[in-house]
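Taken in order, these protein sequences are the chains called S and C. Everything in the first sequence is counted per the UniProt record's numbering, starting at 1 for the first residue and increasing by one. Everything in the second sequence is counted per the UniProt record's numbering, starting at 1 for the first residue and increasing by one.
Number of protein chains: 2
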Amino acid sequence: MPNTETIAVVRGEAEIHPRIAHLFTTAKTEISCAANDLHTWGIRTGSVQGPQSLAPRIAEGLVVRKLYRSGILLDPLCARYANAVQSAGGDVRITPDELNETIVIDGRIAILAGDLSHGVRSYSVVTVPEVVQGVSSLYAAAWRSATPLSTWDRRVAELREMAPRILEVLASGCKDETAARTLGLSVRTYRRRVAELMAALGAGSRFQAGVKARELGLI
Amino acid sequence: MPNTETIAVVRGEAEIHPRIAHLFTTAKTEISCAANDLHTWGIRTGSVQGPQSLAPRIAEGLVVRKLYRSGILLDPLCARYANAVQSAGGDVRITPDELNETIVIDGRIAILAGDLSHGVRSYSVVTVPEVVQGVSSLYAAAWRSATPLSTWDRRVAELREMAPRILEVLASGCKDETAARTLGLSVRTYRRRVAELMAALGAGSRFQAGVKARELGLI
DNA sequence: CGCCGATTGACAACTTCTTGCCAGATCGAG
DNA sequence: CTCGATCTGGCAAGAAGTTGTCAATCGGCG
């Protein structure tokens, strides 16, 4: 077998981001991407070109699918990016569930993001047909159960506006009564907002919500 | 006035870490440092030399004072580093309070860490005598109210060992009863450990604890 | 061997949070 | 102008978390 049909492990963003950028520019039929945030695949850092650059190729038939966690919609920058992908002709869906961060290119190459180890993240670049097929199936399943961006964005647009202030008072460690007063809301309404934030973050406890908010750079 | 007596603003770690490294090697009488974590001043990333390199100069009379947040002692690497500074002849104190991250060199230069802005941190490098004096005074006040490392470390040594597992179940979002069972503890004991963690992190709510744990890289 | 200090687990009181329900207010469409 | 939809705030029930107290256990020390 040609040695391109292997699994390569790449360590660190400096290594993986140029490869992704290259793969994105050479993709012919399909780019499918699942991300918990806009950092993993070099989008936030600008390592990958803006979605506008894909528009002509989408018009020519390139299929672009982006699957994101709902939590990222709480960040105005991320929300704007996701909408830009949609405007460029890409298809964007949102899920509240934790995602296995994945990229599939042309049904032939799959990139899977591993765990952080000593501050460095590993990525597996796979070209074995059976493995790529399996990863594609998993992606398709997650895609099917997700919700269109427009539906989610309508829901979180207002929440996004007040999310920074809510997260700030939550992160200050004070009680709901104090937080509500600080924001000029009733306790009930404040608690509604917190519940919405937790739902958007996919968090089952306030501790978990704090961790996720921090991970997403919302705090 | 010589233009060295100014305030310079430096943006980004790549800029500030080499300067700090240089200042550390040229310091004559005193290095005072306050850090909320071991990342801000380039310690965790290795940009600054290990504490052993200071030992000969400490023996010659260089005074090294390090003031850290109690939360960092939950990280074995950080705890080891702090103890190494102490072993090298430095003086290390611990506070549960939030710190204004500062370095003072020879009572003549002060470096203050600002807030993150768009993922980049600003640092102010100050040589104006009056300002440096004021910063030194603030540092001294925080130093006086802090506790020796040995006292704190005795307290958190056992907590440090089980902190990863506790933080992991906390971050999973499950209830205390479930978490306790997962760790093989009673609910009361689990809650004692969580309370100790929150105290070490200086957190008043679980949400705040989640944020701080994530910031410290404990999760 | 006995005593003492530390720790654990059970129980409980209290606080804080989660969510449902309902009345009233507001706003937009017909 | 009316009506329906939506949101807010108050109230409340229940769940989850916080902390105190006490009895039991264990290990170390004299």
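Heads up, the beta-carbon is just placed ideally off N, CA and C, and yes, glycines get one too.
Residue closest to Ile109 of chain C, alpha-carbon to alpha-carbon, out of C:Arg121, C:Asp97 and C:Val128: As a working mapping, residue 109 of chain C is identified with position 109 in the second sequence. The candidate whose alpha carbon is nearest that of Ile109 of chain C is C:Val128.
In chain order, what residues of the same chain lie with their CB nearer than 6 Å to the CB of Ala14 of chain S, ignoring the 5 residues before and after it? Residue mapping note: residue 14 of chain S aligns to position 14 of the first sequence, counting from 1. Around Ala14 of chain S: no qualifying Cβ.
In terms of residue numbering, what span does the alpha helix (DSSP H) encompassing Cys174 of chain C cover? As a first step, residue 174 of chain C must be located in the second sequence, where it is residue number 174. Taken as a continuous stretch (DSSP letters only), Cys174 of chain C belongs to no alpha helix (DSSP H), as it is neither H nor E.
Would Ala171 of chain C pass as an interface residue toward chain S - the criterion being a Cβ-Cβ separation below 9 Å? Here residue 171 of chain C refers to the residue found at position 171 of the second sequence. Ala171 of chain C counts as touching chain S.
Beta-ladder partner(s) of Glu30 of chain C, from DSSP: Here residue 30 of chain C is taken as the residue at index 30 of the second sequence, counted from 1. Paired residue(s): C:Val63.
Just by C-beta distance, which residues in the segment 145 to 177 of chain S are closer than 9 Å to chain C? Leu167, Leu170, Ala171, Ser172, Gly173, Cys174 and Lys175
What are the complete alpha helix (DSSP H) segments, minimum 4 residues, inside the segment 177 to 219 of chain C? 187 to 201 and 206 to 215
Against chain S, does His17 of chain C count as a neighbour if the rule is that its beta carbon must be under 9 Å from one of theirs? Position 17 of the second sequence, counted from the first residue, corresponds to residue 17 of chain C. For His17 of chain C, the answer is no, since every Cβ of chain S falls outside 9 Å of its Cβ.
Can you pull the chain S residues whose beta carbon is under 8 Å from the beta carbon of Phe24 of chain C, in chain order? Within the second sequence, numbered from 1, the residue matching residue 24 of chain C stands at position 24. Near Phe24 of chain C there are no residues of chain S at all, since even the closest Cβ is about 22 Å away, more than 8 Å.
Tell me where the beta strand (DSSP E) around Leu116 of chain S begins and ends. Within the first sequence, the letter at position 116 stands for residue 116 of chain S. Residues Ile109 to Ser117.
Is the CB of Ile219 of chain S under 9 Å away from at least one CB in chain C? Start at 1 with the first residue of the first sequence, and residue 219 of chain S comes out as number 219. Answer yes: the Cβ-Cβ gap between Ile219 of chain S and chain C drops below 9 Å somewhere.
Round the Cβ separation of Arg93 of chain S and Ala146 of chain S to the nearest angstrom and send it over; I've been treating them as touching at under 8 Å. Taking the first residue of the first sequence as position 1, residue 93 of chain S is located at position 93. Taking the first residue of the first sequence as position 1, residue 146 of chain S is located at position 146. The pair is a contact, with the Cβ atoms about 4 Å apart (cut-off 8 Å).
Is the shortest distance between the beta-carbon of Arg206 of chain S and the beta-carbons of chain C less than 9 Å? Here residue 206 of chain S refers to the residue found at position 206 of the first sequence. Chain C, which has a Cβ nearer than 9 Å to the Cβ of Arg206 of chain S, makes this yes.
Comparing the C-beta of Glu101 of chain C with each C-beta of chain S, is any distance below 9 Å? In the second sequence, residue 101 of chain C corresponds to position 101, counting from 1. Output row for Glu101 of chain C: interface = no.
What does a CB cutoff of less than 7 Å around Ser186 of chain C pick up in its chain, not counting 5 residues either side in sequence? For this step, residue 186 of chain C is matched to residue 186 along the second sequence. The residues are Ala180.
Separation of Asp106 of chain C from Asp176 of chain C, as counted between CA atoms: Position 176 of the second sequence, counted from the start, is the residue given in the question as residue 176 of chain C. Position 106 of the second sequence, counted from the start, is the residue given in the question as residue 106 of chain C. Taking the straight line joining both Cα atoms gives about 49 Å.
Are the Cβ atoms of Ile111 of chain S and Val63 of chain S separated by less than 9 Å? By one-based count along the first sequence, residue 111 of chain S stands at place 111. By one-based count along the first sequence, residue 63 of chain S stands at place 63. No, Cβ-Cβ distance for Ile111 of chain S and Val63 of chain S is not below 9 Å.
Evaluate the contact criterion for the segment 86 to 101 of chain C versus the segment 21 to 28 of chain C: three or more CB pairs, one atom per stretch, below 8 Å. no
So is Leu214 of chain C in contact with chain S if we call contact Cβ pairs under 9 Å? As a first step, residue 214 of chain C must be located in the second sequence, where it is residue number 214. The residue asked about is misnamed: residue 214 of chain C is Arg in this sequence, not Leu. For Arg214 of chain C, the answer is yes, since a Cβ of chain S falls inside 9 Å of its Cβ.
Alpha carbon to alpha carbon, how far is Leu73 of chain C from Asp97 of chain C? As a first step, residue 73 of chain C is located in the second sequence; it is residue number 73 there, counting from the start. As a first step, residue 97 of chain C is located in the second sequence; it is residue number 97 there, counting from the start. Their backbone Cα atoms lie some 14 Å apart in a straight line.
Distance check for Ile103 of chain C and Thr25 of chain C, CA to CA, integer angstroms please. For the purposes of this step, residue 25 of chain C is taken as the residue at position 25 of the second sequence. For the purposes of this step, residue 103 of chain C is taken as the residue at position 103 of the second sequence. If I take the Cα positions, the gap works out to 14 Å.
Which residues bound the beta strand (DSSP E) around Ser124 of chain S? In the first sequence, residue 124 of chain S corresponds to position 124, counting from 1. It spans Val120 to Val126 - the beta strand (DSSP E) in which Ser124 of chain S sits, taken as one unbroken run.
Report the partner residues of Arg80 of chain S according to the DSSP bridge assignment. Translated into the one-based positions of the first sequence, residue 80 of chain S becomes position 80. DSSP lists no partner for Arg80 of chain S.
Got a sec, what are the start and stop residues for the beta strand (DSSP E) Ala8 of chain S sits in? Against the first sequence, residue 8 of chain S aligns to sequence position 8. Element bounds for Ala8 of chain S: Ile7 to Arg11.
Around the Cβ of Pro51 of chain C, are there at least 16 other Cβ atoms within 10 angstroms (buried) or fewer (exposed)? Here the question's residue 51 of chain C lines up with position 51 in the second sequence. By the neighbour-count rule (16 or more Cβ atoms within 10 Å), Pro51 of chain C is buried.
Could you work out which residues of chain S lie near Gly71 of chain C, taking near to mean beta carbons separated by less than 8 Å? Position 71 of the second sequence, counting from 1, holds the residue named residue 71 of chain C. What Gly71 of chain C touches in chain S: nothing, since even the nearest Cβ is about 13 Å away.
DSSP three-state assignment for Ile58 of chain C, whether helix, strand or coil: Against the second sequence, residue 58 of chain C aligns to sequence position 58. Reduced to three states, the DSSP call for Ile58 of chain C is helix.
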